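Trainee:
Protein chains in written order, with the numbering used here: chain A, -17 to 399; chain B, -17 to 399.
1. Taking any Cβ of chain A, which residues in the region 127 to 143 of chain B have a Cβ under 9 Å from it, in chain order?
2. How far does the alpha helix (DSSP H) with residue 253 (chain B) in it reach, from first residue to last?
3. Residue 367 (chain A): buried (16+ other C-beta within 10 angstroms of its C-beta) or exposed?
4. So what does DSSP say about residue 136 (chain A), is it helix, strand or coil?
5. Would the region 286 to 294 of chain A count as touching the region 302 to 322 of chain A if we require 3 or more Cβ pairs under 8 Å?
6. Would you check if the region 43 to 63 of chain A and the region 16 to 31 of chain A touch, i.e. whether three or more CB-CB distances between them fall below 8 Å?
7. Under 8 Å, with one C-beta from each stretch per pair, do the region 160 to 177 of chain B and the region 140 to 149 of chain B reach the 3-pair mark?
8. Anything in chain A within Cβ reach of residue 21 (chain B), meaning under 9 Å, just list it in chain order.
9. My guess is that residue 50 (chain B) and residue -2 (chain B) are in contact by the Cβ rule of under 8 Å, so how many angstroms apart are they, rounded?
10. Starting from residue 354 (chain A), trace the beta strand (DSSP E) both ways and give me its first and last residue.
11. Taking the alpha helix (DSSP H) that residue 304 (chain A) falls in, what are its first and last residues?
12. What is the rounded straight-line gap between the Cα of residue 33 (chain B) and the Cα of residue 205 (chain B)?
13. Considering only their Cβ atoms, is the gap separating residue 355 (chain B) from residue 394 (chain B) smaller than 8 Å?
14. Taking the alpha-carbon positions, what's the residue 381 (chain B) to residue 267 (chain B) distance?
15. For residue 70 (chain B), which residues of its own chain have a beta-carbon under 6 Å away from its beta-carbon, when the five flanking residues on both sides are left out?
16. Considering only the beta carbon of each residue, do residue 167 (chain A) and residue 117 (chain A) sit closer than 8 Å?
17. In whole angstroms, what separates the C-alpha of residue 228 (chain B) from that of residue 332 (chain B)?
18. Name the chain A residues whose beta carbon is nearer than 7 Å to that of residue 341 (chain B)?
19. I think residue 379 (chain B) touches residue 340 (chain B), with their Cβ atoms under 8 Å apart; what is that distance to the nearest whole Å?
20. Is there a Cβ of chain B sitting closer than 8 Å to that of residue 2 (chain A), yes or no?
21. For the region 5 to 17 of chain A, enumerate the residues whose C-beta is nearer than 8 Å to any C-beta of chain B, in chain order.
22. Just to confirm the assignment: which complete beta strand (DSSP E) runs, minimum length 3, are found wholly within the region 51 to 80 of chain B?
23. Helix or strand or just coil, what does DSSP make of residue 21 (chain B)?
24. Can you tell me which of the three DSSP states residue 129 (chain B) falls into?
25. Going straight from the alpha carbon of residue 319 (chain B) to that of residue 334 (chain B), what length do you get?
26. Taking its Cβ as the centre, do 16 or more other Cβ atoms sit within 10 Å of residue 308 (chain A), making it buried, or is it exposed?
27. Could you work out which residue in A:397, A:163, A:321 and A:58 is closest to residue 286 (chain A) when comparing CA atoms only?
28. Between the alpha carbons of residue 265 (chain B) and residue 270 (chain A), how many angstroms are there, rounded?
29. Taking residue 281 (chain B) as the query, report the chain A residues whose CB atoms sit under 7 Å from its CB, ordered along the chain.
30. Can you tell me which residues form a DSSP beta bridge with residue 49 (chain A)?
31. Does the region 233 to 244 of chain A touch the region 208 to 228 of chain B, meaning 3 or more C-beta pairs lie closer than 8 Å?
32. Is any beta-carbon of chain A found at less than 8 Å from that of residue 116 (chain B)?
33. Please list, in chain order, all residues of the same chain as residue 371 (chain B) whose beta carbon is under 7 Å from its beta carbon, the five residues on each side excluded.
34. Cβ of residue 385 (chain A) less than 8 Å from any chain B Cβ?
35. Can you tell me which of the three DSSP states residue 364 (chain A) falls into?
36. DSSP beta-bridge partners for residue 261 (chain B)?
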């Protein structure tokens, strides 16, 4: 059926005021639908330059997707510029006008006269309804057999319209003859290169493909399969998924939108157990991650943020003697913190973090990035020592420490079952 | 001198694997330098399509900025495609080759033969050094008086090269005859529309311009001034900045990269005072925000995450009677939490949050988004009731609650001085 091209219209993109997330979203959608896609263009709110972008695109692409410039202000001139380029008059759609007026009425506001232009479309174009905003888009077979679709620039509106109208249209009109389905497996505590080496043979596969990624310490293997339909693609993915999970062993913690906090929460819920946190350098970050999940109150009872050593002593029962002898950033203190919070809050598990997040505060013996995570549970107490590296940012070290503590709990829960 | 056009080369952009942050960065840079910029193009790693993008760009722009495709793999063919388009042979730069070999040696690795091609540039091109990676770029006056610059796709490398080499080059060669300087004033506790109405006259100004933005509850006024040089631009900004600060009153908390946690930290440090947190629905988020700042241990002592009511009673001394009578999400409990953590941790100030973050757990009387923030200090205890709205996400409500608690402390510190 030909290839698709994205034309984003908006001076705010040319000023760098906003990030072009619409292009990324649409590019992913083309990949999923199996529609070829070779060019993306950004152009300002200027009729001549929009005309030039259309002229160039028409020479090389058959499906032109426009985003932006559908609003009511004089700056919004995408529809007009397209109609003008194809020498086609604009016609008013009374049903669209009524719909816009009604949307205003429902919010208790009056429709401004400028909104009237949002009901104009080139003669022969079909209206592409906007379920979440006022500006509708269009689907139009313009001259020269180019298919044009327009969307507002607001990402939530664009995405809703794309999913609800454009995708069914493209599928039913033969644009999408295959689909790409992806599944991302997530791992913690293993480096991208180590996992990539282990997965060597898989990375050379052609369908499904397997590609490694890493992001904030989470290492990912993305499996992508192309097939006639979703079910066939998933049939290609599943055996590879099983093998890669086995390969990752204990490091594998979930798929797609899963996080370590979700993984830990599911395990605790299954077992009817609870956890409390004792945090020093993470300052509340572990509790924050755990409570991101709705319903976490089932297994998360709370914690002590012992940023100051006095709080470690008073609220967690850490020994002053230990603090003097080995310092706050030590295996002993991490374990005492975990034991202390478990006892104080009466939970099944206590996890703790103490470390040097930097950028200051490091020494030769205890450099920035040295972190101890501790865990106390029904069978006793343990710790792990992490060297997160002196070149990492404070933010990276803190996030990695919080995730490592959650991962230590996850592994303890798994090995305990 | 003409206008600039960005051409990003990379199949990963066409697959939607990555967000095109390079375009946004360069667009902002053009705006800052006062260089006109009307088009951005994305094209895959394909010689014919790169040629087509160059042909189109040469017709309408005089400065072509390429990012991506400078690596050592067969996919990386930006330099080659540019040279080929302008019918110019590639020549090897021995100094670049030596530099790449040395960079490998320093990391204790051997240079792969494929890296050799990174030392090739079109005849007549100047090497644009890469201080942070292996691939250098080029500055080249190609035929037809087009100035071409190439950069790697990795954002950190591209940005370092842009700042260190491209900006000085463009300034010294007359591309930038003016500069745009911006300053963003930040406000909390006031809506974007209210502030915009108050700032009405300023929004109509032409130089400097003033534009309102809002992001995660922080409302911003961005002042942008165009002038011959930085000092002249700042002279335009400063009087407007002063007036807008006055206009925002107590709601103004900082500029540019400032956060509420930074504002609070500065005030506490100045006064030699300390704070502790008692967190329910934020689960550690306030502590996490406060400890984002290096050196926060000077004024942040720690806190209690009392997600479960038992922790509120045991660690914060909240009355069981109060919990039974008015519930955990109440003014009384917020105040008792603040008093409790202040006393327990021995700080000047105690701040607290208790609320319903959703999506579940709301009722008619206490809907999702109902949050109480409390504060206890040398002069007593107080609270504020927030209605953050039932339609907001859990994440939004939690972040807004944490910021509101910090802001209550900020205002208390200011009114107390």
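Built from N, CA and C at the ideal position, the CB exists for glycine as well.
The model shown is predicted, which means the values in this text are computed figures rather than measured ones.
Mentor: So, from the data block:
1. Residues of the region 127 to 143 of chain B with a C-beta atom less than 9 Å from some C-beta of chain A do not occur.
2. Its alpha helix (DSSP H) spans residues 242 to 253.
3. Classification for residue 367 (chain A): exposed.
4. Reduced to three states, the DSSP call for residue 136 (chain A) is coil.
5. Contact between the region 286 to 294 of chain A and the region 302 to 322 of chain A is established, with three or more Cβ pairs separated by less than 8 Å.
6. Judged by Cβ distances under 8 Å, the region 16 to 31 of chain A makes contact with the region 43 to 63 of chain A, as three or more pairs qualify.
7. The region 160 to 177 of chain B is not in contact with the region 140 to 149 of chain B.
8. Residues of chain A passing the Cβ test: -4, 23, 24, 25, 26, 31, 34 and 35.
9. Not confirmed; about 15 Å, so no contact.
10. Judged by DSSP secondary structure, residue 354 (chain A) falls within the beta strand (DSSP E) whose first and last residues are 352 to 359.
11. If you look at residue 304 (chain A), you'll find it in the alpha helix (DSSP H) that goes 302 to 308.
12. Taking the CA atoms as reference points, residue 33 (chain B) sits about 40 Å from residue 205 (chain B).
13. Pairing residue 394 (chain B) with residue 355 (chain B) gives a Cβ-Cβ distance that is not under 8 Å.
14. Spanning the two alpha carbons is a distance of roughly 7 Å.
15. Cβ neighbours of residue 70 (chain B) beyond the five flanking positions: 104 and 105.
16. Judged by their CB atoms, residue 167 (chain A) and residue 117 (chain A) are not nearer to each other than the 8 Å cut-off.
17. Straight-line measurement puts the Cα of residue 332 (chain B) at about 29 Å from the Cα of residue 228 (chain B).
18. Result: 276.
19. Going by Cβ atoms, the distance from residue 379 (chain B) to residue 340 (chain B) rounds to 6 Å, so yes, they are a contact pair.
20. Among the residues facing chain B, residue 2 (chain A) is included, as its CB has a counterpart in that chain under 8 Å away.
21. The region 5 to 17 of chain A vs chain B, Cβ under 8 Å: 5, 6, 7, 8, 9, 10, 11, 12 and 13.
22. 72 to 74, all fully within the region 51 to 80 of chain B.
23. Strand.
24. Note: residue 129 (chain B) maps to strand in three-state DSSP.
25. Each residue's alpha carbon lies about 6 Å from the other.
26. Here residue 308 (chain A) is exposed, its C-beta having fewer than 16 other C-beta atoms within 10 Å.
27. For the set A:397, A:163, A:321 and A:58, the Cα lying nearest the Cα of residue 286 (chain A) is the one of A:321.
28. For residue 265 (chain B) and residue 270 (chain A), the distance between alpha carbons rounds to 5 Å.
29. Residues of chain A passing the Cβ test: none, with the nearest at roughly 10 Å.
30. A:-10 and A:133.
31. No: the two stretches stay apart, fewer than three of their Cβ pairs being nearer than 8 Å.
32. It does not: the Cβ of residue 116 (chain B) has no partner Cβ on chain A nearer than 8 Å.
33. Contacts found: 351.
34. It does not: the Cβ of residue 385 (chain A) has no partner Cβ on chain B nearer than 8 Å.
35. Strand at residue 364 (chain A).
36. In the DSSP assignment, residue 261 (chain B) forms a beta bridge with B:287 and B:335.
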